[in-house]
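What follows is a short report on a single structure.
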DNA sequence: CGCCAGGCAACGG
DNA sequence: CCGTTGCCTGGC
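Right under this line is the structure:
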């Protein structure tokens with residue numbers, strides 16, 4: 011049990027308090043709120059945290075963390091409380107934009123996800139939106155996961171890789187995954203066949219691990235960077251989606267003009283080469299915690315656009 | 001009906 | 001190298 015106020019981005023706007031922990035909902039998709047508690051799927055675990063009490067005098071909430079099956083201190087691991095956010099913020103003191111965002115959105119954090127669940131989740135993220143990704147993953151879990159009852163609600167574990175491997179393309183498609191079913195299937199085949207190992211990926215450096223992910227059809231630059239950042243300890247990864255591209259266009263154009271006058275950065279849609287170039291520039295600019303910078307920019311752009319999630 | 005949504009890959013110039 | 005196109009699906 012830790013003291014402080016925690017919040018998912020889905021509840022931050024309802025609070026007048028400065029949250030201790032905030033998480034972008036674009037990172038992880040299987041969290042749901044019932045009453046005062048949040049429930050999330052972490053592979054074969056259901057994680058839960060709830061606001062137990064409020065000490066109104068000093069605005070402190072007491073948060074209770076639970077899990078089933080038992081996953082001791084999951085909040086430490088999943089919310090990356092082992093990362094020293096104050097130390098990380100010192101990497102951005104010279105950056106006018108980021109130093110302000112770190113103050114404005116104090117407490118925004120990365121979430122550490124299960125690598126295999128993260129791979130499948132982002133394989134589903136291609137050319138669609140968060141609501142649809144959620145729907146696909148919920149359908150997959152209902153169909154191929156195991157039911158766990160908690161507090162009178164039904165939850166489902168994330169399907170095992172073996173179960174997905176045994177599923178037909180049609181069965182995967184029936185979960186609303188569409189053309190992404192092939193990618194899910196090929197990930198499952200590679201892992202079950204032993205040619206792809208999440209432990210191995212975690213051990214490799216950023217470039218090496220990324221190259222392996224890119225060899226999977228259906229996984230491109232952006233999805234690979236998300237998997238690397240959110241589940242494989244590559245905090246230097248800097249995923250560029252449409253929101254991040256907008257932020258770069260708004261705040262960092264001079265950076266590109268100075269370094270790469272040839273880069274024609276008029277469109278938010280990036281070619282593979284433009285992506286690689288921008289990503290490299292940003293990783294060099296922000297350093298080994300570029301992924302944190304990415305999260306702050308992302309959160310800010312979504313916040314500006316009044317996105318609920 | 002067309003268009004879009006937090007991408008990707010195949011293809012032609 | 002670049003630009004274009006189609007893709008499952010649901011919401012507007």
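In my numbering, the protein residues as written are 11 to 319.
Here a beta-carbon is modelled for each residue, glycine too, at the ideal position from N, C-alpha and C.
### Query
When the Cα atoms are used, what is the spatial distance from residue 105 to residue 219?
Here residue 105 is taken as the residue at index 95 of the first chain, counted from 1. Here residue 219 is taken as the residue at index 209 of the first chain, counted from 1. Answer to the nearest angstrom: the Cα atoms are 29 Å apart.
### Query
So, is residue 245 buried or exposed, given that buried needs 16 or more other C-beta atoms within 10 angstroms?
Translated into positions along the first chain, residue 245 becomes position 235. So residue 245 ends up on the buried side.
### Query
Candidates 188, 230, 259 and 261: which alpha carbon is nearest residue 145's?
Position 135 of the first chain, counting from 1, holds the residue named residue 145. Ranking 188, 230, 259 and 261 by Cα distance to residue 145 puts 188 first.
### Query
Using CA coordinates, which residue listed in 50, 287, 249 and 279 is at the minimum distance from residue 306?
Here the question's residue 306 lines up with position 296 in the first chain. With distances taken between CA atoms, residue 306 lies nearest to 249 out of 50, 287, 249 and 279.
### residue 230 in three-state terms, based on DSSP
By 1-based counting over the first chain, the position of residue 230 is 220. Residue state, collapsed to three classes: coil.
### Task
Return yes when the C-beta of residue 236 is under 8 Å from any heavy atom of the ligand PLP, and no when it is not.
Because no ligand of any kind appears in the structure shown, any question about the ligand PLP cannot be addressed here.
### Query
Given 8 Å as the limit, is there contact between the stretch 73 to 93 and the stretch 200 to 211, that is, 3 or more CB pairs closer than that?
At 8 Å Cβ cutoff, the stretches do not touch.
### Query
Run through DSSP, which three-state label would residue 50 get?
By one-based count along the first chain, residue 50 stands at place 40. DSSP places residue 50 within a strand segment (E or B) once states are collapsed to three.
### Query
How about the stretch 107 to 122 and the stretch 132 to 150: do they share at least three Cβ pairs that are nearer than 8 Å?
No, because fewer than three Cβ pairs between the stretch 107 to 122 and the stretch 132 to 150 fall closer than 8 Å, the two stretches do not touch.
### Query
Quick one: what does DSSP say residue 121 is sitting in, helix, strand or coil?
In the first chain, counting from the first residue as 1, residue 121 sits at position 111. Residue 121: coil per DSSP, three-state reduction.
### Message
Please classify residue 282 as buried or exposed, where buried requires at least 16 other C-beta atoms within 10 Å of its C-beta.
### Response
Position 272 of the first chain, counting from 1, holds the residue named residue 282. The residue is exposed, with fewer than 16 neighbouring Cβ atoms inside 10 Å.
### Task
Tell me whether residue 100 is buried or exposed, calling it buried when 16 or more other Cβ atoms sit within 10 Å of its Cβ.
As a first step, residue 100 is located in the first chain; it is residue number 90 there, counting from the start. Per the 10 Å Cβ criterion, exposed.
### Query
Considering only residues of the same chain and omitting the five flanking positions on each side of residue 108, which have a CB-CB separation below 6 Å?
Start at 1 with the first residue of the first chain, and residue 108 comes out as number 98. The beta carbon of residue 108 is closer than 6 Å to those of 102 and 303 in its chain, skipping five residues each way along the sequence.
### Task
Pull up the distance between the alpha-carbon of residue 253 and that of residue 289, whole angstroms please.
Taking the first chain and counting its residues from 1, one reaches residue 253 at position 243. Taking the first chain and counting its residues from 1, one reaches residue 289 at position 279. For residue 253 and residue 289, the gap between their C-alpha atoms comes out near 14 Å.
### Query
So what's residue 88 in DSSP terms, helix, strand or just coil?
Residue mapping note: residue 88 aligns to position 78 of the first chain, counting from 1. Residue 88 falls in the helix class under three-state DSSP.
### Query
Tell me which same chain residues have a C-beta within less than 7 Å of the C-beta of residue 308, skipping the five on either side of it?
Here residue 308 is taken as the residue at index 298 of the first chain, counted from 1. If you ignore the 5 residues before and after residue 308, its C-beta comes within less than 7 Å of the C-beta of 34, 36, 253 and 254, all in its own chain and listed in chain order.
### Query
So which of 164, 194 and 160 has the shortest CA-CA distance to residue 80?
For the purposes of this step, residue 80 is taken as residue 70 along the first chain, with counting starting at 1. Ranking 164, 194 and 160 by Cα distance to residue 80 puts 160 first.
#### Entry: Alpha-carbon spacing of residue 54 relative to residue 169, whole angstroms
Here residue 54 is taken as the residue at index 44 of the first chain, counted from 1. Here residue 169 is taken as the residue at index 159 of the first chain, counted from 1. Cα to Cα, residue 54 sits roughly 8 Å from residue 169.
### Query
So the alpha helix (DSSP H) residue 244 belongs to, where does it begin and stop?
Sequence index remark: in the first chain, residue 244 carries index 234 (1-based). Going by DSSP, residue 244 is part of no alpha helix (DSSP H) at all; its letter is neither H nor E.
### Query
When the Cα atoms are used, what is the spatial distance from residue 195 to residue 113?
If you number the first chain from 1, residue 195 lands on position 185. If you number the first chain from 1, residue 113 lands on position 103. So the two alpha carbons sit approximately 43 Å from each other.
### residue 235 burial status per 10 Å Cβ neighbour count (16 or more: buried)
As a first step, residue 235 must be located in the first chain, where it is residue number 225. It is buried - the Cβ of residue 235 has at least 16 other Cβ atoms within 10 Å.
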